[in-house]
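Numbering (this note's numbering), first residue to last: 10 to 396.
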Amino acid sequence: MDIEFVRSRFIKHFDGQTGHVYASPGRINLIGEHTDYNGGFVFPGAVDKGIMAEMRPNGTESTIRAYSIDLKDRVDFDFHDGVGPRASWARYIYGMALEMEKLGVPVKGFNIAFAGDVPLGAGMSSSAAMESCFGCGLNDLFGENKVSKWDIVLAGQATEHNYCGVNCGIMDQFASVFGKAGKLMRLDCRSREFEYFPFNPEGYKLVLINSCVKHELAGSPYNDRRNSCENVVRHIAAKHPEGKFETLRDCTWEQLEEVRAEVGEEDYTRAHFVLGEKDRVLAVCDALVAGDYETVGKKMYETHYGLSKEYDVSCEELDFLNDIAKECGVTGSRIMGGGFGGCTINLVKDELYESFVKTACQKYFEKFNRAAKVYDVVISDGSRKLC
Ligand code: ADP
Ligand code: MG
């Protein structure tokens with residue numbers, strides 16, 4: 010995406026003047042799945058795909074004139090009218106204006122045009138990229154950049170909750186705001202502490218393969234699994250009244266074994282995945298510090314196995330893509346995201362890249378009569394002002 014493209018549209022659709030340009034990325038998560046609500050770790054990084062917006066105060070008290078370049082859609086609204094715009098893309102702008110105002114930024118009316126290259130629904134969080142981009146812009150235009158990065162993260166999350174009906178965690182917004190080129194971030198979902206780890210896989214590429222399926226399952230598989238985890242914690246807590254057990258993060262392998270018979274195999278196996286995933290994230294951190302990408306890859310395969318066989322959130326398509334990766338000698342491969350569809354994330358040696366991508370796409374199409382999509386990603390910088 011380039012500035013000149015966004016700028017030309019901003020000039021064309023408004024009054025010919027230029028403003029300032031901001032950019033924010035989407036994200037991947039290398040490892041650490043279904044750990045957030047269990048008080049564990051996630052391990053995201055920002056990618057080289059994102060949202061770019063040009064913004065300029067327009068002299069009004071509270072009129073926002075917004076243009077979506079990709080959708081060729083223009084919406085003007087008053088962000089103080091208590092209702093906001095109907096268009097779903099414009100609600101992210103509406104939400105961020107109100108949430109930044111709550112943080113003390115004297116937001117006034119502005120013009121905005123924006124575009125993006127985060128594929129929608131691929132699990133790279135285009136919505137968080139929008140929120141952090143607009144937050145970065147509003148902080149700069151109206152707030153003298155006084156709002157902290159963490160508050161922008163929380164404003165993005167609040168926007169999803171309050172104006173878009175999505176009850177998300179904080180990983181996506183966190184990764185978009187705090188991302189750095191060549192660094193992944195281990196975020197402790199319980200304490201919100203985080204640490205950067207080097208990710209410079211020389212001789213390897215990171216590539217996502219989108220299965221382009223999203224299975225809607227009967228019932229609520231997500232809540233079922235949450236309930237299983239909470240049930241195991243309750244049983245462990247009952248056995249250990251001396252301790253403090255809030256999530257599986259507080260539980261040990263031994264304690265899990267103690268309650269195995271009472272909680273039943275299904276809950277036990279699900280909790281087993283969560284404990285394993287916590288250990289795998291920590292093992293990946295050590296491996297990255299040592300520059301040992303073979304171990305990183307091995308842990309990714311282990312996570313896939315756990316998501317598929319223990320947590321039971323895979324599907325035929327994702328298991329198929331994982332098997333092909335194995336057959337092609339790919340270093341690491343796993344489901345990225347909550348499961349039941351979406352992408353696999355793959356760590357591939359440069360020399361295997363072409364043949365893997367070609368084989369995966371070909372075989373996937375033969376088997377499912379559906380085209381997979383391929384996205385190369387490079388770990389890149391978070392939200393920033395471009396000019
Ligand atoms: P994701 O997993 O990519 O975050 P979401 O459903 O949370 O998926 O957010 C996608 C929504 O964000 C779209 O429906 C649209 O409203 C908005 N969006 C994302 N990218 C763009 C874009 N480039 N232009 C306009 N709207 C966008
Ligand atoms: Mg989203």
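Glycine residues also receive a C-beta, built at the ideal position from the N, C-alpha and C atoms.
Checklist entry - Cβ of Ser220 within 7 Å of Cβ of Leu150? => result no
Checklist entry - So, helix, strand or coil for Asp421, using DSSP? => result Examination of residue 421 is not possible in this model, given that the chain is present from 10 through 396 alone.
Checklist entry - Which word fits Ala94, buried or exposed, when buried means at least 16 other C-beta atoms lie within 10 angstroms of its C-beta? => result First, the amino acid is wrong: residue 94 is Pro here, not Ala. Here Pro94 is buried. Its C-beta has 16 or more other C-beta atoms within 10 Å.
Checklist entry - Hey, is the stretch 38 to 51 in contact with the stretch 100 to 114, meaning 3+ C-beta pairs nearer than 8 Å? => result No contact exists between the stretch 38 to 51 and the stretch 100 to 114.
Item to check | For His244, the nearest candidate out of Ile73, Leu80, Asn232 and Gln264 (CA to CA) | outcome: Gln264
Item to check | Through-space distance from Ala381 to Tyr373, alpha-carbon basis | outcome: Tyr373 and Ala381: Cα-Cα distance of roughly 7 Å.
Checklist entry - Looking only at C-alpha atoms, which of Met10, Lys111, Val114 and Asn209 sits nearest to Ile78? => result It is Met10 whose Cα lies nearest to the Cα of Ile78.
Next on the checklist: In this structure, how does DSSP classify Pro115 when only helix, strand and coil are distinguished?
Outcome noted: coil
Item to check | Which listed residue (Lys81, Gly132, Phe123 and Leu147) has its alpha carbon closest to that of Leu107 | outcome: Leu147
Checklist entry - Going by other Cβ atoms of all chains shown within 10 Å of its Cβ, with 16 needed for buried, is Thr340 buried or exposed? => result buried
Item to check | Integer-rounded CB distance, given that Ala292 should sit under 8 Å from Ser237 | outcome: Actually they are not in contact, since the Cβ atoms of Ser237 and Ala292 sit about 24 Å apart, beyond 8 Å.
Checklist entry - Should Trp4 be counted as a contact of the ligand ADP given a C-beta to heavy atom distance under 6 Å? => result Since the first residue of the chain shown is 10 and the last is 396, residue 4 is not available in this structure.
Checklist entry - Since Asp359 and Tyr213 are thought to touch, with beta carbons under 8 Å apart, how far apart are those beta carbons, to the nearest angstrom? => result 7 Å
Checklist entry - Roughly how many angstroms separate the alpha carbons of Thr278 and Phe208, rounded to a whole number? => result 31 Å
Next on the checklist: Quick check on this structure: which residue in Tyr320, Ala334 and Met64 has the alpha carbon closest to the alpha carbon of Tyr31?
Outcome noted: When only C-alpha atoms are compared, the closest one is Met64.
Next on the checklist: Cutting at 6 Å between CB atoms, please list the residues of its own chain near Gly351, excluding the five before and the five after it.
Outcome noted: Close CB contacts of Gly351 within its chain, under the 6 Å cut and outside five residues either way in sequence, are with Gly132 (chain order).
Next on the checklist: On the DSSP letters alone, give me the boundaries of the beta strand (DSSP E) that Gly35 sits inside.
Outcome noted: Start and end: His29 to Asn38.
Checklist entry - How would you label Ile12, buried or exposed, when you count the other beta carbons within 10 angstroms and need 16 or more for buried? => result Burial call: exposed.
Checklist entry - To the nearest angstrom, how far is it from the Cα of Asp160 to the Cα of Gly347? => result 26 Å
Checklist entry - Quick one: is the Cβ of Ser136 within less than 6 Å of any heavy atom of the ligand MG? => result yes
Checklist entry - Is any heavy atom of the ligand ADP found at a distance shorter than 6 Å from the C-beta of Asp79? => result In this structure, Asp79 has its beta carbon less than 6 Å from a heavy atom of the ligand ADP.
Item to check | 8 Å Cβ shell around Ala247 - same chain, five flanking residues per side excluded | outcome: none
Checklist entry - At what residues does the beta strand (DSSP E) containing Ser389 begin and finish? => result Careful: Ser389 lies outside any beta strand (DSSP E) and carries neither H nor E.
Next on the checklist: Taking its Cβ as the centre, do 16 or more other Cβ atoms sit within 10 Å of Lys223, making it buried, or is it exposed?
Outcome noted: exposed
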